[in-house]
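Shown next, in structure tokens, is the structure this report addresses.
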Amino acid sequence: MRLVWQVSVQSQLLIPSARANKFWHSPSREKIFSSSGEASLKQRAAAKGITYGAATNAFTLKTKPDFTAKFIQECGVLVPEMELKWESLRPSPDKFFFDDGDWLAEFARTNNMRFRGHTLVWNQGLPKWFKETINPQNAENFFLEHIKTVTKHYAGKVNSWDVVNEAIAPYEGRKDYLRKTAWLEFLGSDYIELAFRTAAEADPKALLVYNEGFLEHDLRSHDITRETTLKLLQNLKSKGVPIGALGIQGHLTGHVDLYNSQKLRSFLSDVANLGLKIIITEMDVRDQELPLDTNIRDGIVASYYEKFLSIVLDEKAVIEVSTWGLSDKSTWLTSFAGRPDGMPVRPLPLDENLQPKQAWNAIAKAFDSAPTR
Ligand code: G3I
């Protein structure tokens, strides 16, 4: 019987001050993130027809047996954080390196997990040689060769591919809000369509995903990203492009009034109405500016998971949820959004000692309350 972390967290209602980007706590609400039963996150999700999993890497799974055991216990899908990006797969312009990705695919297979491909086309995660090598003359060849070779290599092993990642950037100055990338510059805006068609030809069975960030919050930039994403998806569907799902990254951040249920729900249902599935692909909570106190901070982080998941899991097109990491011991936020006080960040379901936190409880409760798919 798991009945733990009944930490009573006062004052979870965070409201940004009108003048500064600071927080204050209202003592008016008390929140308890507890959970009962022994079921793991993957079991709770599976009970509702949802798959839960996390991003990780081959090195950690090979060298940290305690983490590996927890990963197997909690996760029904494995997402390689690095191993299937260009920077890992392409040591030089004429070489592919599949060893680490293959090891992960085999690990997922052996442990009955789904395996996500992340990502074929992105403006980051590129090898050092990329910039000086790719030019208007060879861009299409590199683009097509990479997508074909990698999707063929993993055909039958990858369940879903993030074919194109983060193609929208509202503030880069283009009228169509597309991100200025090498592919856009050399191949034009049809590169997105071309990527999906090429991937589908090489692996007709994988679920092909357009993955995007900045879709979650009630901010002007997120409004624009939602509108632009929807237009992009409508356009791809109207042309018969073989796209199967939208990936919503779910990198969450911390003001309670940044969650607008109505906007998010209507976006999700617009996407679902196009006949697309939805995957939450990279969920975590940035705790950079939250109070240092562990119980208070964990409660606030849990409240963001709760808020976000209560909205998105209501939509039955959402079939899979992954966190971007499983334990606080290993998270990109340590280096990308560390705390000003230098203390470790706590954005994930398990703490640095692999113990479930209030975030774990909030996710567990969200799966328990979700409608069955
Ligand atoms: O592997 C080298 C290592 O050999 C070297 O010692 C070290 C020194 O800096 O760098 C290591 O590589 C870094 C790698 O993370 C592993 O830590 C890369 O420089 C760094 O660019 C890489 O960052 C990753 C980033 O994507 C770019 O690929 C993050 O870990 C990863 O969490 C992040 O994930 C992205 C998703 O793919 C897309 N959505 C946003 C998300 C967060 O940025």
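Count along the sequence shown from 1, add 5, and you get the number used in this note's numbering.
Backbone N, C-alpha and C define an ideal beta-carbon position, used for all residues, glycine too.
Item, Value
"Which class does residue 212 belong to by DSSP, given the choice of helix, strand or coil?", "strand"
"Comparing C-alpha positions only, which one of 177, 248, 179 sits nearest to residue 205?", "248"
"Could you please give me the residues that DSSP links to residue 166 through a beta bridge?", "122, 213"
"DSSP three-state label for residue 307, please.", "helix"
"Taking only three categories from DSSP, how would you classify residue 345?", "coil"
"Excluding the 5 residues preceding and the 5 following residue 269 in the sequence, name in chain order all residues of the same chain whose CB lies nearer than 6 Å to its CB.", "316"
"Relative to the alpha-carbon of residue 212, which residue among 58, 325, 47, 362 has its alpha-carbon at the smallest distance?", "325"
"Taking only runs that begin and end inside the region 39-83, name each unbroken beta strand (DSSP E) of 3 or more residues, in chain order.", "56-61"
"Within the same chain, show all residues whose beta-carbon is closer than 6 Å to that of residue 90, passing over the 5 residues directly before and after it, in chain order.", "130"
"Expressed to the nearest angstrom, what Euclidean distance is found between the alpha-carbon atoms of residue 140 and residue 147?", "10 Å"
"I need the straight-line Cα distance from residue 69 to residue 336, nearest angstrom please.", "15 Å"
"Taking 7 Å as the cut-off, is the C-beta of residue 272 nearer than that to any heavy atom in the ligand G3I?", "no"
"What do you reckon, are the CB atoms on residue 223 and residue 164 nearer than 8 Å?", "no"
"Between residue 62 and residue 88, which are expected to be in contact by the criterion C-beta below 8 Å, what is the C-beta distance as a whole number of angstroms?", "7 Å"
"Assuming residue 152 and residue 207 are in contact, meaning their beta carbons sit under 8 Å apart, how far apart are those beta carbons, in whole angstroms?", "7 Å"
"Do residue 365 and the ligand G3I come close, with the Cβ less than 7 Å from some heavy atom?", "no"
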